[in-house]
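Participant:
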Amino acid sequence: VNQQSKQNMAPKLTDETCISFKSENPKRAGTKAHERYQRYKTASTVAEAIRLGAVRADVTNAVKQGYCTVLDEDSRRASANLAASVPDAGVVAAAAAVATKNDEEKKQEETETPEPPAKRRQIDPAPVEAVEAAQGIQDAATESSATPSEPAQAQAAAALPAATESVAAPVEVTQPASASQLGSTSSSSSSAAPSTSQVDLSFAKLDGKPLKYVKRTMGEAKRILSEQGLSEAKTSGYTFNLRDRDNLSRWMVELRDLNPEGKLMADLKKHQLDPCIDLELILPDGFPLEPPFARVIYPELRGGYVFGCGGICFEPLTKKGWVPSMTLPALAIAIKGILDYGEVRVSGVGDKATRTVKHYTEAGARKDHTQISNAHRGGEGSTYGSLKNYAS
Numbered sequence: 003v004n005q006q007s008k009q010n011m012a013p014k015l016t017d018e019t020c021i022s023f024k025s026e027n028p029k030r031a032g033t034k035a036h037e038r039y040q041r042y043k044t045a046s047t048v049a050e051a052i053r054l055g056a057v058r059a060d061v062t063n064a065v066k067q068g069y070c071t072v073l074d075e076d077s078r079r080a081s082a083n084l085a086a087s088v089p090d091a092g093v094v095a096a097a098a099a100v101a102t103k104n105d106e107e108k109k110q111e112e113t114e115t116p117e118p119p120a121k122r123r124q125i126d127p128a129p130v131e132a133v134e135a136a137q138g139i140q141d142a143a144t145e146s147s148a149t150p151s152e153p154a155q156a157q158a159a160a161a162l163p164a165a166t167e168s169v170a171a172p173v174e175v176t177q178p179a180s181a182s183q184l185g186s187t188s189s190s191s192s193s194a195a196p197s198t199s200q201v202d203l204s205f206a207k208l209d210g211k212p213l214k215y216v217k218r219t220m221g222e223a224k225r226i227l228s229e230q231g232l233s234e235a236k237t238s239g240y241t242f243n244l245r246d247r248d249n250l251s252r253w254m255v256e257l258r259d260l261n262p263e264g265k266l267m268a269d270l271k272k273h274q275l276d277p278c279i280d281l282e283l284i285l286p287d288g289f290p291l292e293p294p295f296a297r298v299i300y301p302e303l304r305g306g307y308v309f310g311c312g313g314i315c316f317e318p319l320t321k322k323g324w325v326p327s328m329t330l331p332a333l334a335i336a337i338k339g340i341l342d343y344g345e346v347r348v349s350g351v352g353d354k355a356t357r358t359v360k361h362y363t364e365a366g367a368r369k370d371h372t373q374i375s376n377a378h379r380g381g382e383g384s385t386y387g388s389l390k391n392y393a394s
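According to the numbering used here, the sequence shown is numbered sequentially starting from 3.
1. Work out the CA separation of residue 246 and residue 352 for me, nearest whole Å.
2. Counting Cβ pairs, one atom from each stretch, are 3 or more of them under 8 Å apart for the stretch 263-280 and the stretch 336-350?
3. Under the DSSP definition of a beta bridge, which residues are partnered with residue 23?
4. Along the chain, where does the beta strand (DSSP E) containing residue 245 start, and where does it finish?
5. I'd like to know whether the C-beta atoms of residue 215 and residue 334 end up nearer to each other than 8 Å.
6. Entirely within the stretch 285-335 and at least 4 residues each: give me those alpha helix (DSSP H) ranges in chain order.
7. Is DSSP giving residue 349 helix, strand or coil here?
8. Tell me whether the beta-carbon of residue 366 lies closer than 8 Å to the beta-carbon of residue 302.
9. Whole angstroms is fine: what's the gap from residue 38's alpha carbon to residue 74's?
10. Specify the secondary structure class of residue 232 as computed by DSSP and reduced to three states.
11. Could you give the DSSP three-state label for residue 39: helix, strand or coil?
12. Please state whether DSSP places residue 30 in a helix, a strand or coil.
13. Buried or exposed for residue 297, please, with buried defined as at least 16 other CB atoms from any protein chain shown within 10 angstroms of its CB.
14. Assuming residue 252 and residue 299 make a contact with CB atoms under 8 Å, what is their CB distance in whole Å?
15. Skipping 5 residues on each side, what residues in its chain have a beta carbon closer than 6 Å to that of residue 41?
16. Starting from the C-beta of residue 51, find all residues in its chain whose C-beta is less than 6 Å away, skip the five residues before and the five after it, and write them out in chain order.
17. Going by DSSP, name the residue or residues bridged to residue 252.
18. Tell me the rounded alpha-carbon separation between residue 237 and residue 221.
19. Sort 311, 341, 211 by Cα distance to residue 361 and report the nearest one.
20. To the nearest angstrom, how far is it from the Cα of residue 327 to the Cα of residue 318?
21. If you reduce the DSSP assignment to three classes, tell me which class residue 219 lands in.
22. Can residue 279 and residue 257 be called in contact, C-beta distance under 8 Å?
23. For residue 59, count the other beta carbons within 10 Å of its own beta carbon; 16 or more makes it buried, fewer makes it exposed. Which is it?
24. Can you tell me the Cα-Cα spacing of residue 71 and residue 213, whole angstroms?
25. Report the rounded CA-to-CA distance for residue 262 versus residue 211, giving the unit in angstroms.
26. Using the beta-carbon count (16 or more within 10 Å), is residue 218 buried or exposed?
27. Between the alpha carbons of residue 315 and residue 200, how many angstroms are there, rounded?
28. Can you tell me which of the three DSSP states residue 153 falls into?
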């Protein structure tokens, strides 16, 4: 019995073992085994069969069942030459099926009545030529001198409107983008897109910063420094300026247009100070998921929501109350509201020339912020209450 079992056992197969499969697929049609056999039946070695989709068990079973023969090197070469000279039955059948299908399709096309081709929109080349001619005038004027001559400008100005009026779809002539514009995010088709895309931020140093921080800070800077952002700032009574030109994380904010009937404005007039409050906003590396750090720079304030070293008690400045979708201009307006309507008073003028207060330091304000965060951690903040009467 043991001798018979040894005879029925398949020889040990290695990746280099030469084999030859029967060309006729013995597996039941429609099964995965049938599909695999079709792919690996042309293999000449075990490694090639596995590469063509077989598993080692497929090869072993095929040898046991007689579908695959283990060859020595000479037999493998003879089998390969024979296979190359005799076309595979499956290939011949597939080729015949394709030829029959092509003949049927050709006959069907001959019997069917061809439909008239769809009418295509005729494009008048004249408007395009006119635009190209006008652009050529501008290019020629630019090449001749750094500043185009007045006749060339007049000729181009006269040619362009005439060309664009005759074109059904408007043709947009764009100027080449600068390197800084190519590096920035692409602008949308909204009305604000052109203004933000023109803001040059190539000076900013953002090496080593997280991707979310870079995208958000660049977006905030473009929005603030764009023409539209500057116009909104003037209307809303605030001004943003970078503290360090190459650092987008530190902004000096000037709050103006305070409540003329409020106590804060009365104190500013009393001390003969400019009717504005200076703040500093610092963006952490976790921005926008973490809130900005804000502190008062000038003048010295007391009461309300301002702590001893300039820290500001405002729930949106804490991790609990911060909303990542809030923009920096919106945050500035909110802080302006709690200062303007939160019983904040002027307690000192500091150095009027430099607009600084000696003990208003960043380290001191951060200690204030730690106390504020601990206070807000246990319950709801009340700083939103002063915003209900505020409109900017």
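By construction, the Cβ of each residue, glycine as well, lies at the ideal position given by its N, Cα and C atoms.
Computed from a predicted model, the values in this text were never measured in an experiment.
Facilitator: If we stick to the structure as given:
1. Translated into positions along the sequence shown, residue 352 becomes position 350. Translated into positions along the sequence shown, residue 246 becomes position 244. When rounded, the separation of the alpha-carbon atoms in residue 352 and residue 246 is 23 Å.
2. Enough Cβ pairs lie closer than 8 Å, so yes.
3. For the purposes of this step, residue 23 is taken as residue 21 along the sequence shown, with counting starting at 1. Partner(s): 70.
4. On the sequence shown, residue 245 is found 243 positions in, with the first residue counted as 1. In the DSSP assignment, residue 245 falls outside any beta strand (DSSP E), carrying neither H nor E.
5. Sequence index remark: in the sequence shown, residue 215 carries index 213 (1-based). Sequence index remark: in the sequence shown, residue 334 carries index 332 (1-based). Residue 334 sits away from residue 215, with the two beta carbons spaced by 8 Å or more.
6. As for any alpha helix (DSSP H) of minimum length 4 sitting wholly inside the stretch 285-335, there is none.
7. The residue given as residue 349 occupies position 347 in the sequence shown. In the three-state reduction of the DSSP assignment, residue 349 falls in the strand class, which pools E and B.
8. Your numbering for residue 366 matches position 364 in the sequence shown. Your numbering for residue 302 matches position 300 in the sequence shown. Here residue 366 is not near residue 302, since their CB atoms are 8 Å or more apart.
9. Translated into the one-based positions of the sequence shown, residue 38 becomes position 36. Translated into the one-based positions of the sequence shown, residue 74 becomes position 72. Looking at the two C-alpha atoms, the distance is approximately 24 Å.
10. For the purposes of this step, residue 232 is taken as the residue at position 230 of the sequence shown. Look at residue 232 here: in three-state DSSP terms it is helix.
11. Counting from 1 along the sequence shown, the entry for residue 39 is found at position 37. In the three-state scheme derived from DSSP, where H, G and I count as helix and E and B as strand, residue 39 is classed as helix.
12. On the sequence shown, residue 30 is found 28 positions in, with the first residue counted as 1. Taken through DSSP and simplified to helix, strand or coil, residue 30 comes out as coil.
13. Taking the sequence shown and counting its residues from 1, one reaches residue 297 at position 295. Around the beta carbon of residue 297, 16 or more other beta carbons lie within 10 angstroms, which makes this residue buried.
14. By 1-based counting over the sequence shown, the position of residue 252 is 250. By 1-based counting over the sequence shown, the position of residue 299 is 297. Contact doesn't hold; Cβ gap of about 12 Å is too wide.
15. Here residue 41 is taken as the residue at index 39 of the sequence shown, counted from 1. So the list reads 54, 55, once near-sequence residues are dropped.
16. Locating residue 51 in the sequence shown gives position 49, where the first residue counts as 1. Taken in chain order, the residues that qualify are 42, 45, 61.
17. Numbered from its first residue, the sequence shown carries residue 252 at position 250. According to DSSP, which records beta bridges pairwise, residue 252 is partnered with 284.
18. Indexing the sequence shown from 1 puts residue 237 at position 235. Indexing the sequence shown from 1 puts residue 221 at position 219. Straight-line spacing of the CA atoms in residue 237 and residue 221 works out to 21 Å.
19. In the sequence shown, residue 361 corresponds to position 359, counting from 1. Of the listed residues, the one whose Cα sits closest to residue 361 is 311.
20. Here residue 327 corresponds to residue number 325 of the sequence shown, with the count starting at 1. Here residue 318 corresponds to residue number 316 of the sequence shown, with the count starting at 1. Residue 327 and residue 318: Cα-Cα distance of roughly 11 Å.
21. Counted from its first residue, the sequence shown places residue 219 at position 217. Residue 219: helix per DSSP, three-state reduction.
22. Locating residue 279 in the sequence shown gives position 277, where the first residue counts as 1. Locating residue 257 in the sequence shown gives position 255, where the first residue counts as 1. Going by C-beta atoms, residue 279 is nearer than 8 Å to residue 257.
23. Counted from its first residue, the sequence shown places residue 59 at position 57. Under a 10 Å Cβ-count criterion, residue 59 is classified as exposed, with fewer than 16 other Cβ atoms of the shown protein chains found around its own Cβ.
24. Numbered from 1 along the sequence shown, position 69 holds the residue referred to as residue 71. Numbered from 1 along the sequence shown, position 211 holds the residue referred to as residue 213. Here the alpha carbon of residue 71 sits roughly 59 Å from the alpha carbon of residue 213.
25. As a working note, residue 262 is residue 260 in the sequence shown. As a working note, residue 211 is residue 209 in the sequence shown. Distance between the alpha carbons of residue 262 and residue 211: 42 Å.
26. Numbered from its first residue, the sequence shown carries residue 218 at position 216. With 16 or more other Cβ atoms from the protein chains shown falling within 10 Å of its own Cβ, residue 218 counts as buried.
27. Counting from one through the sequence shown, the residue named residue 315 turns up at place 313. Counting from one through the sequence shown, the residue named residue 200 turns up at place 198. Going from the Cα of residue 315 to the Cα of residue 200 covers about 37 Å.
28. In the sequence shown, the residue the question calls residue 153 occupies position 151. Note that residue 153 scores a pLDDT of 46, beneath 50, so its modelled location is shaky and nothing firm can be said.
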